[in-house]
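The structure under discussion appears below in the form of structure tokens.
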Amino acid sequence: MSTPPLQSPAELCECLEARGIATWSQGEGLLNDLQQQSSADPILEGPAITLLCDVDAKGLLSFLPRAVVTASHARRVTLATTSGPIDIFPIGDNSLEEILIGFGLGPLAFAHRRVTEQWSDPSDVRAKFEDGVLDLASSDPNPFTIAPRRYWIAARLAAQFQLKPSAAVLAAARDGLTEALKRLPEAAPARREIHRILFSPDPSLGLGFLHDSGISPALFPGLKRTGEKRASQLGESPAFRWAAWLEGTATQRAIVRLRMPHALARRIEKIHRAHPIDRTIESLRDGATRKVLQRLDHEDVERLVLWRRLDLEDTVQNEKTKLRLKRLDEVEAQFEKLRRNREQSDQVRSLALGGQAVMDALGAGPGAHVGRALAHLAQFVAENPEANQTEALAAELRDWAAKHAANPGPKQR
């Protein structure tokens, strides 16, 4: 007998419990419920929903025929619901406690049974999670040596749930590093995990763990530690978050190692070439600034200015730093000037009254007065968008010309 389509994890729990199958919520879905956290990046998947069921795999699949076996020996099955996929671990002949301990990391080693409001916490780690500590479920054997992917998982848990890794976690991670590096998932799997970390509530905790455990120095030599906090200070742009974290290492080598998508890779390289922005621009002339704007848009420039300012504010505050900040202020002002000029040019091009019409109305030939008149009309339309019509602009131009009659410009011949 097949089950009807399920809408949520809660509904699935109720269905399983109704069949006499004790069902426990565990993992990131449970942690997310406890902290009510959400990702900073709307395109990221939500937290993985995991259930532990007191039944063997055969019994579970007979009740959930739509479920798909997703681990060897049917240790895990996955069921698609309208709320997203749910991973289900059949307990079978094992005990709930040993399965929880087997997850290795403290935040994954406790579970909650909704129907009875019971908690299972064999390693006594729930309280540590609630205190903001990332601990181990068990240190023997070393969980990182058994499953090297736990380096990425631990970093993600730290960043997503704002957990500080305990001394025991760091010791185990460092002890297992040499062996784990032989089997550590890299390329696209590593990139996806780091992306999730970069868009977590506190990326610095996860990125800090990767550095302190030895993973990031081994994979990306030369990384600056300032990138751990800078990544979340530059807005929501994936390229800027990646660029901030990767600062200091060989960009091209890191991009290849992570199998970075082409468009994102090119953006990161472009950002690295432009940082620090005050050194990219050799002079404050319009031409030098325009060259930068041919490669970057104004939003990129704003983030680059912010990045440089944060870096300078974090350095020793001496006369040299003050001069660099002054130079950065001048660069920012130059970009702002060009931005305003470009906006005004765009407004002039969109005016219902063109340059020839202005000269006809003024009865004068080309000259600076035409530019001043068009600039006035552009400002007028910016303040009164509905007035961008030929008759309204002509009337405004007559009023403007009357006030500036003393310098009408050369007469047309």
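Heads up, the sequence shown is in this note's numbering, so the first residue is 478 and it goes up one at a time. Every residue gets a Cβ at the ideal spot worked out from N, C-alpha and C, and that includes glycine.
Exercise. Look at the alpha carbon of Gly832 and the alpha carbon of Arg875, and state the distance between them as a whole number of angstroms.
Key: 15 Å
Self-check item: Coil, strand or helix - Ser516 by DSSP
Solution: Low per-residue confidence applies at Ser516: pLDDT is 47, beneath 50, and the placement is therefore not dependable, though the value from the model is reported in the following sentence. The answer is coil: DSSP assigns Ser516 none of H, G, I, E or B.
Quiz item: Roughly how far, in whole angstroms, is the beta-carbon of Ser690 from the beta-carbon of Ala650, given that I think they are within contact range, below 8 Å?
Solution: 4 Å
Self-check item: Host beta strand (DSSP E) of Ile565 (start-end)
Solution: 561-567
Exercise. Check whether the Cβ atoms of Ala645 and Asp601 lie closer than 8 Å to each other.
Key: no
Quiz item: Taking the alpha-carbon positions, what's the Glu779 to Arg669 distance?
Solution: 27 Å
Self-check item: Which of helix, strand or coil DSSP assigns to Lys701
Solution: coil
Practice problem: Note down the Cα distance separating Ser663 from Thr527, rounded to an integer number of angstroms. | Solution: Checking the sequence shown, residue 663 turns out to be Glu, not Ser. Cα-Cα distance, rounded: 24 Å.
Quiz item: Start and end of the alpha helix (DSSP H) containing Ile745?
Solution: 739-751
Quiz item: Going by Cα to Cα distance, which pick from Gln639, Arg626, Val592 is closest to Asp608?
Solution: Gln639
Quiz item: Using DSSP with H/G/I as helix, E/B as strand and the rest coil, what is Ser539?
Solution: helix
Quiz item: Should Ile623 be labelled buried (16 or more other beta-carbon atoms within 10 Å of its own) or exposed?
Solution: exposed
Quiz item: What's the C-alpha gap between Glu488 and Thr593?
Solution: 15 Å
Quiz item: So which of Val546, Asn818, Leu723, Asp788 has the shortest CA-CA distance to Pro753?
Solution: Asp788
Quiz item: Beta-carbon separation of Ile578 and Phe566 under 8 Å?
Solution: no
Quiz item: When burial is assigned at 16 or more other CB atoms within 10 Å of the CB, is Pro486 buried or exposed?
Solution: When all chains shown are included, Pro486 counts as buried.
Quiz item: Any idea which residues DSSP pairs Trp596 with across the strands?
Solution: His589
Practice problem: Pull up the distance between the alpha-carbon of Ala544 and that of Leu529, whole angstroms please. | Solution: 14 Å
Quiz item: For Arg819, which of Gly685, Ser560, Ala852, Lys797 has the nearest alpha-carbon?
Solution: Ala852
Self-check item: 8 Å CB neighbourhood of Pro694 in its chain, flanking five on each side removed
Solution: Cβ within range, chain order: His688, Leu700.
Quiz item: Cα-Cα, which of Gln866, Gln794, Ala631, Ala495 is closest to Gly581?
Solution: Ala631
Self-check item: For Ile498 and Lys605, the rounded distance between their alpha carbons
Solution: 29 Å
Quiz item: Comparing the C-beta of Lys814 with each C-beta of chain B, is any distance below 8 Å?
Solution: Annotation note: the requested chain B is absent from the structure, which comprises a single protein chain.
Quiz item: What does Cys530 pair with, by DSSP beta-bridge criteria?
Solution: Thr500, Pro567
Self-check item: For Glu813 and Ser502, the rounded distance between their alpha carbons
Solution: 53 Å
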